[in-house]
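J.: Residue numbers (this note's numbering), protein chains in the order written: chain A, 1 to 468; chain B, 469 to 957. For each residue, glycine too, the CB sits at the ideal point set by N, CA and C. Quick caveat, the model's predicted, so the values are computed rather than measured.
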Amino acid sequence: MFTRVAAGYGEPENTLTDPVVLALPGALPVLNKEALDKVIKAGLILGCAIAPVCTWDRKNYFYPDSPKNYQISQYDQPICTGGAVEIELPGPARNVMGAHRRIPLTRIHLEEDVGKLTHGATDSLVDCNRAGTPLMEIVTEPALHGADEAFAFLTALRTAMVQGGISDCDMEKGQLRCDANISIRPAGETKLGTKVELKNLNSISFVRDGIAHEIRRQTAVVTGGGSIAQETRQYDGEAGTSAAMRSKEMAHDYRYFPDPDLMPVRVDEAWLAAIRATVPERMFDRQRRYLEQYRLPYTLTSVLVPQLALCAFFEEAAALSGKPQAVANWIANDLQRELAAAGARAQAAAGVDLAASKVRPAHIAGLVGLVESGVISSSIAKEVFVEMFATGDQADAIVERKGLRQSTDAGELERWVAEAIAANPKAAAEFRSGNEKALNAIKGAVMKASQGRANPQQVDAIARKLMG
Amino acid sequence: MADDLIFQPAARLAAQLAAGKISAVELLQACLARTRAVDGRVKAFNSFDEAGALALARQSDERRAAGQARGPLDGLPVGLKDVIAVEGQPLTCSSKMLANFVSPYDATVTAKLKAAGAIPFGRLNMDEFAMGSSTENSAFGPTANPWDLTRVPGGSSGGSAAAVAAGELPLTLGSDTGGSIRQPAALCGIVGLKPTYGLVSRYGLAAFASSLDQIGPLAHTVEDAALLLGAIAGHDPRDSTSFKAGVPDYRAALAARKGPWRLGVPREFFGAGLDLEVGAAVRQAVEFYRQQGCEIREVSLPLAAEYAVAAYYLIATAEASSNLARYDGIRYGHRSAAAKDAIDIYTKSRAEGFGPEVKRRIILGTHVLSSGYYDAYYLRAQKVRTLIRNEFAAVLRDCDALLSPTSPVPAFRLGEKSADPLAMYLTDIYTISVNLAGLPGISIPCGFTGAGLPVGLQLIGRPFDEAGLLALARAYESAHDWHTKHPIL
Numbered sequence: 001m002f003t004r005v006a007a008g009y010g011e012p013e014n015t016l017t018d019p020v021v022l023a024l025p026g027a028l029p030v031l032n033k034e035a036l037d038k039v040i041k042a043g044l045i046l047g048c049a050i051a052p053v054c055t056w057d058r059k060n061y062f063y064p065d066s067p068k069n070y071q072i073s074q075y076d077q078p079i080c081t082g083g084a085v086e087i088e089l090p091g092p093a094r095n096v097m098g099a100h101r102r103i104p105l106t107r108i109h110l111e112e113d114v115g116k117l118t119h120g121a122t123d124s125l126v127d128c129n130r131a132g133t134p135l136m137e138i139v140t141e142p143a144l145h146g147a148d149e150a151f152a153f154l155t156a157l158r159t160a161m162v163q164g165g166i167s168d169c170d171m172e173k174g175q176l177r178c179d180a181n182i183s184i185r186p187a188g189e190t191k192l193g194t195k196v197e198l199k200n201l202n203s204i205s206f207v208r209d210g211i212a213h214e215i216r217r218q219t220a221v222v223t224g225g226g227s228i229a230q231e232t233r234q235y236d237g238e239a240g241t242s243a244a245m246r247s248k249e250m251a252h253d254y255r256y257f258p259d260p261d262l263m264p265v266r267v268d269e270a271w272l273a274a275i276r277a278t279v280p281e282r283m284f285d286r287q288r289r290y291l292e293q294y295r296l297p298y299t300l301t302s303v304l305v306p307q308l309a310l311c312a313f314f315e316e317a318a319a320l321s322g323k324p325q326a327v328a329n330w331i332a333n334d335l336q337r338e339l340a341a342a343g344a345r346a347q348a349a350a351g352v353d354l355a356a357s358k359v360r361p362a363h364i365a366g367l368v369g370l371v372e373s374g375v376i377s378s379s380i381a382k383e384v385f386v387e388m389f390a391t392g393d394q395a396d397a398i399v400e401r402k403g404l405r406q407s408t409d410a411g412e413l414e415r416w417v418a419e420a421i422a423a424n425p426k427a428a429a430e431f432r433s434g435n436e437k438a439l440n441a442i443k444g445a446v447m448k449a450s451q452g453r454a455n456p457q458q459v460d461a462i463a464r465k466l467m468g
Numbered sequence: 469m470a471d472d473l474i475f476q477p478a479a480r481l482a483a484q485l486a487a488g489k490i491s492a493v494e495l496l497q498a499c500l501a502r503t504r505a506v507d508g509r510v511k512a513f514n515s516f517d518e519a520g521a522l523a524l525a526r527q528s529d530e531r532r533a534a535g536q537a538r539g540p541l542d543g544l545p546v547g548l549k550d551v552i553a554v555e556g557q558p559l560t561c562s563s564k565m566l567a568n569f570v571s572p573y574d575a576t577v578t579a580k581l582k583a584a585g586a587i588p589f590g591r592l593n594m595d596e597f598a599m600g601s602s603t604e605n606s607a608f609g610p611t612a613n614p615w616d617l618t619r620v621p622g623g624s625s626g627g628s629a630a631a632v633a634a635g636e637l638p639l640t641l642g643s644d645t646g647g648s649i650r651q652p653a654a655l656c657g658i659v660g661l662k663p664t665y666g667l668v669s670r671y672g673l674a675a676f677a678s679s680l681d682q683i684g685p686l687a688h689t690v691e692d693a694a695l696l697l698g699a700i701a702g703h704d705p706r707d708s709t710s711f712k713a714g715v716p717d718y719r720a721a722l723a724a725r726k727g728p729w730r731l732g733v734p735r736e737f738f739g740a741g742l743d744l745e746v747g748a749a750v751r752q753a754v755e756f757y758r759q760q761g762c763e764i765r766e767v768s769l770p771l772a773a774e775y776a777v778a779a780y781y782l783i784a785t786a787e788a789s790s791n792l793a794r795y796d797g798i799r800y801g802h803r804s805a806a807a808k809d810a811i812d813i814y815t816k817s818r819a820e821g822f823g824p825e826v827k828r829r830i831i832l833g834t835h836v837l838s839s840g841y842y843d844a845y846y847l848r849a850q851k852v853r854t855l856i857r858n859e860f861a862a863v864l865r866d867c868d869a870l871l872s873p874t875s876p877v878p879a880f881r882l883g884e885k886s887a888d889p890l891a892m893y894l895t896d897i898y899t900i901s902v903n904l905a906g907l908p909g910i911s912i913p914c915g916f917t918g919a920g921l922p923v924g925l926q927l928i929g930r931p932f933d934e935a936g937l938l939a940l941a942r943a944y945e946s947a948h949d950w951h952t953k954h955p956i957l
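Take a look at the structure:
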């Protein structure tokens, strides 16, 4: 954040360092403007107020992963204040939208990250690669009411940060970390209970599980007649247990004071305007817009909106075809399925990236156009889609090459139907005696004989006529 | 030949190099010979790299032979206080904590010197981490004053001042947080300049108090100081507190700027505690300027006089307590052999590695930043600092510069003030407020006491008006011969 060394993950220990990162005698920090740009953008995404002047403080404490033994941070004048994260709680079913809430934020500030310690049997090793990389601390108001809300909050926050290009938020790489402050109180009580800080929550699921565990633990303590001590506890996600780390009495005196090595930074309106222009539409705003503008159901929007690239893909295809719902169906279902399958074949955990897909928005629009105009049937279209995904050819070219054009030739259709009736005398007899369902067997036989090319509506009419 | 080069001003040596009368190697060898002859008694050097310096001197001579000399500093050896980083050289800060530390990078001033063809030579002694006023706080033993080897050279840049005064080097760099260039320059009878805060990059200067530290030149003459300042000044993107401004040709400005000047004499800087002989010499210097047609005004700096030392020892120690936290024995520096765990590494390494004055200031600084004391100490000291800055600004609206003694006393005896930290702190009483206000200050020789000890005149200028300040100092120097007198060693 205050040096020009590259940031990275998985590099050999202590290779992403320089005199500033290692806090060598004489080294001085210089603000990396991009770090400030990103935290301001994050603040704008979350609707925070941005401070007109950004100041820096030193947070003093000794720890072997902290090369200067102070962290450059922001104490009483954070760059962002207020704002909120809109969350969606679990719905009654997977395909039904859950309730929405806005979780108010207290502040966002920027500070430098510390290094990483590895403890051996007889020694401990320090890796300073991560030291000095920018870290944004986001603090919520005490407004989350349980493990599920915390889970939904982190999910929504992560989506907002990823979509805003702020961070990849990969918890495994330490790009998103969470400490949870948890307290319980009797129903109806307005005053918050004594809080316990839970650390080492290494995944969003661990956050949910850890909070649920801590609520149970505190409830057991209080119902057992005990009281909660203000402390910091370490959560073990594998074991589902927690242990006390330090009590309030052992809390640090960080001796904050303004960092004399750094000048305050004025954030003027032109700077804010330039960043504001890069802020993407918020996920739930987009979801509401898709419902209003395109009449897309929740089952489709809930697939599209978490993925910005998919949204762009959809909007382009929708504009090309003018049939947003049909287009969205193909993208949310078939394209997603094929991408996942291709990912499984390539043994890629996250599936194949949309950017690598041979199917582009024009392909989808073309395919939808063929179905809408009756050139091919929906079932043939499924086949065409798989071929498009594999080859990158346009739908019309595939239809022509494979001769998949839907047949509307009355003579050909009558021949197929007549053959089907002849080959299925039992079904024909049943239909004639009033069993509507028996017609399906005849139609199925026609489709089989025509390899799906027969127009279903015409087949229906001809079959009724021939057996009438 | 070699003896002729000792005590020569750098500007004259530069002219001789340019004229081909001497070579950089000859000059360096003269300095080496002088150092070998006298430094056993003066002890200005912590160490020096003879082979490395000779290699640079040869390169300089080759450049010059090829017609590619880089300017007036090309081939001149410049000594560095052992708090300024030079790649591949020790950076001890005269502390046991860094006794074995070698810097892997160049300070910005070092890089600028190298770019100008100068030869960074020698690691010069100092008070440990620049904390002190006598160079007695060095973990490697004190430096002696070349004028009287039983006396201190001042501090904390005592080695930088003594090396010039003893004729070991023509130019050195020191650092000044509360007077650490000007006070030793005064006590050693040479010129020392503390630039405006922000004029010279602090990158590569091991920090004592970040908001006060500045690197500056020590030299025989004002012209030499101008020469060296011109090479090290200027904006540095590696130092956020470095000022974005062009660097004038300070040497050219010496002749271009002429008086008469309007000069302020702060009443409070001539009060109790001022040595009579020092006071007399400084008043004579004031009289000189009056006779030159300058308007002399008595001015008043009551806040600076009353509160500067107190505010300084709160702000500087607070910053130091944080700046020196990095010396923890984890990544580099002294690590106690007795350490058994992380806390041990901190406590034992720091207990063993730091000297008593450094510990005193870390403890004081830690205390003033502590929860519950911050407002009463640190915050109030910062408010006082603002008032002192405003007080100087008001006085300098009507005055081009201020004149005062640099130090209230001439060089004192080794050990004389060691047992009394407060008495030691008060030797910086006239210099400290200049750092608090961020102003440029220069000390030039203005006479001797009856015992033959040098006296320094301090000139304080407007922010970033080093050119004017140097011209004013040069006007005095050119009419006096104090700078031509040298100690006999």
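Less than 8 Å between the CB atoms is what I'm expecting for E172 (chain A) and L135 (chain A), so what's the real figure, rounded?
T.: Not quite, the Cβ-Cβ distance comes to about 16 Å (not below 8 Å), so this is no contact.
J.: Using a Cβ-Cβ cut-off of 9 Å, state whether V327 (chain A) counts as contacting chain B.
T.: Chain B, which has no Cβ nearer than 9 Å to the Cβ of V327 (chain A), makes this no.
J.: Report the CB separation of S242 (chain A) from D236 (chain A) in whole angstroms; it is logged as a contact under 8 Å.
T.: Right, the Cβ-Cβ distance comes to about 7 Å (below 8 Å), so this counts as a contact.
J.: Could you compute how far the alpha carbon of A598 (chain B) sits from the alpha carbon of T645 (chain B)?
T.: Computed Cα separation, rounded: 8 Å.
J.: At which residue ranges does the segment 555 to 614 of chain B contain complete beta strand (DSSP E) runs of 3 or more residues, listed in the order of the chain?
T.: Listed in chain order, they are 587 to 592.
J.: Rank A:A362, A:D179 and A:Q307 by C-alpha distance to the C-alpha of G322 (chain A) and give the top, closest one.
T.: Selected option, being the one with the closest Cα: A:A362.
J.: Let me check understanding here. Comparing Cα to Cα, which of A:A318, A:G343 and A:S183 lies closest to A220 (chain A)?
T.: Out of A:A318, A:G343 and A:S183, A:S183 has the C-alpha closest to the C-alpha of A220 (chain A).
J.: Distance check for V826 (chain B) and L524 (chain B), CA to CA, integer angstroms please.
T.: Cα to Cα, the separation comes out at about 35 Å.
J.: Rounded C-beta distance between A553 (chain B) and A575 (chain B)? I'm assuming under 8 Å.
T.: Right, the Cβ-Cβ distance comes to about 4 Å (below 8 Å), so this counts as a contact.
J.: Would you report the Cα separation of S515 (chain B) and R531 (chain B), rounded to the nearest angstrom?
T.: Cα to Cα, the separation comes out at about 27 Å.
J.: Identify whether T155 (chain A) lies in helix, strand or coil by the three-state DSSP scheme.
T.: In the structure shown, T155 (chain A) sits in a helix (DSSP, three-state: H, G or I).
J.: Helix, strand or coil for Y780 (chain B), going by three-state DSSP, please let me know.
T.: Y780 (chain B): helix per DSSP, three-state reduction.
J.: Taking contact to mean at least 3 C-beta pairs separated by less than 8 Å, is the segment 54 to 73 of chain A in contact with the segment 784 to 795 of chain B?
T.: Judged by Cβ distances under 8 Å, the segment 54 to 73 of chain A makes contact with the segment 784 to 795 of chain B, as three or more pairs qualify.
J.: Between the C-alpha atoms of A93 (chain A) and T301 (chain A), what's the straight-line distance to the nearest angstrom?
T.: One C-alpha to the other measures close to 15 Å.
J.: Under the DSSP definition of a beta bridge, which residues are partnered with T81 (chain A)?
T.: Partner(s): A:A49 and A:R107.
J.: Taking a Cβ distance cut-off of 9 Å, strictly less, list which residues of the segment 241 to 262 of chain A are near chain B, in chain order.
T.: Against chain B - using a Cβ distance shorter than 9 Å - the residues of the segment 241 to 262 of chain A are D253, Y254, R255, Y256, F257, P258, D259, P260, D261 and L262.
J.: Using a Cβ-Cβ cutoff of less than 8 Å, which residues in the same chain neighbour L370 (chain A) once the five nearest sequence positions on both sides are dropped?
T.: Once the five neighbours on either side are set aside, the close Cβ partners of L370 (chain A) are I376, A381, V384, A395, D396 and V399.
J.: Quick check on the DSSP output: the beta strand (DSSP E) that includes V139 (chain A) runs from which residue to which?
T.: Taken as a continuous stretch (DSSP letters only), the beta strand (DSSP E) holding V139 (chain A) covers P134 to T140.
J.: If you draw a straight line from the C-alpha of M469 (chain B) to the C-alpha of T578 (chain B), how long is it?
T.: Residue placement at M469 (chain B) is poorly supported in this model, since its pLDDT is 44, which falls under 50; the coordinates still yield a value, given next. Near 29 Å, if we compare the C-alpha coordinates of T578 (chain B) and M469 (chain B).
J.: Closer than 7 Å by beta-carbon distance: list the chain B residues that pair up with P64 (chain A), in chain order.
T.: Those are I798 and A810, listed as they occur along chain B.
J.: Between the C-alpha atoms of Q497 (chain B) and Q651 (chain B), what's the straight-line distance to the nearest angstrom?
T.: Taking the straight line joining both Cα atoms gives about 29 Å.
J.: Assess, as a yes-or-no matter, whether the segment 404 to 415 of chain A is touched by the segment 430 to 439 of chain A under the definition of 3 or more beta carbon pairs within less than 8 Å.
T.: Too few Cβ pairs lie closer than 8 Å, so no.
J.: List the residues of chain B that N60 (chain A) touches, going by C-beta distances under 9 Å, in chain order.
T.: Result: S789, S790, A793, T834 and L837.
J.: Is it the case that the Cβ atoms of L686 (chain B) and G657 (chain B) are separated by a distance below 9 Å?
T.: Cβ atoms of L686 (chain B) and G657 (chain B): not closer than 9 Å.
J.: Unbroken alpha helix (DSSP H) runs of length 4 or more, entirely within the segment 690 to 770 of chain B: which are they?
T.: Listed in chain order, the complete alpha helix (DSSP H) runs (minimum 4 residues) inside the segment 690 to 770 of chain B are 690 to 700, 718 to 724 and 744 to 759.
J.: Please list, in chain order, all residues of the same chain as M447 (chain A) whose beta carbon is under 7 Å from its beta carbon, the five residues on each side excluded.
T.: The answer, listed in chain order, is A454.
J.: So which residues on chain B does Y75 (chain A) lean against when the C-beta distance must stay under 9 Å?
T.: In chain order: nothing, as chain B lies at least about 11 Å away.
J.: Output yes or no for whether 9 Å exceeds the beta carbon distance between S678 (chain B) and T895 (chain B).
T.: Not a contact, by the Cβ cut-off of 9 Å.
J.: Assuming Q163 (chain A) contacts T194 (chain A) (C-beta within less than 8 Å), just tell me the rounded distance between them.
T.: Between T194 (chain A) and Q163 (chain A) the Cβ distance is about 37 Å, and since that is not below 8 Å, they are no contact.
J.: Looking at the unbroken beta strand (DSSP E) that takes in T232 (chain A), where does it start and where does it end?
T.: Taken as a continuous stretch (DSSP letters only), the beta strand (DSSP E) holding T232 (chain A) covers E231 to D236.
J.: Around the C-beta of R101 (chain A), are 16 or more other C-beta atoms found within 10 angstroms, so that it is buried, or is it exposed?
T.: Buried, since its Cβ has 16 or more Cβ neighbours within 10 Å.
J.: Do A947 (chain B) and F756 (chain B) have their C-beta atoms closer together than 9 Å?
T.: Against a cut-off of 9 Å, the Cβ pair of F756 (chain B) and A947 (chain B) comes out as a contact.
J.: Residues of chain C with a CB under 7 Å from the CB of G642 (chain B): which are they?
T.: Checking the listed chains, one finds no chain C in this structure; the protein chains it contains are A and B.
J.: Taking Cβ-Cβ distances below 8 Å as the criterion, which residues of the segment 701 to 715 of chain B are in contact with chain A?
T.: Cβ contacts with chain A come from P705, R706, D707, S708 and T709.
J.: Counting only beta-carbon separations shorter than 9 Å, does L696 (chain B) have a partner in chain A?
T.: For L696 (chain B), the answer is no, since every Cβ of chain A falls outside 9 Å of its Cβ.
J.: Under 7 Å Cβ-Cβ, which residues of chain A neighbour L581 (chain B)?
T.: Neighbours of L581 (chain B) on chain A: none; closest Cβ ~15 Å, over 7 Å.
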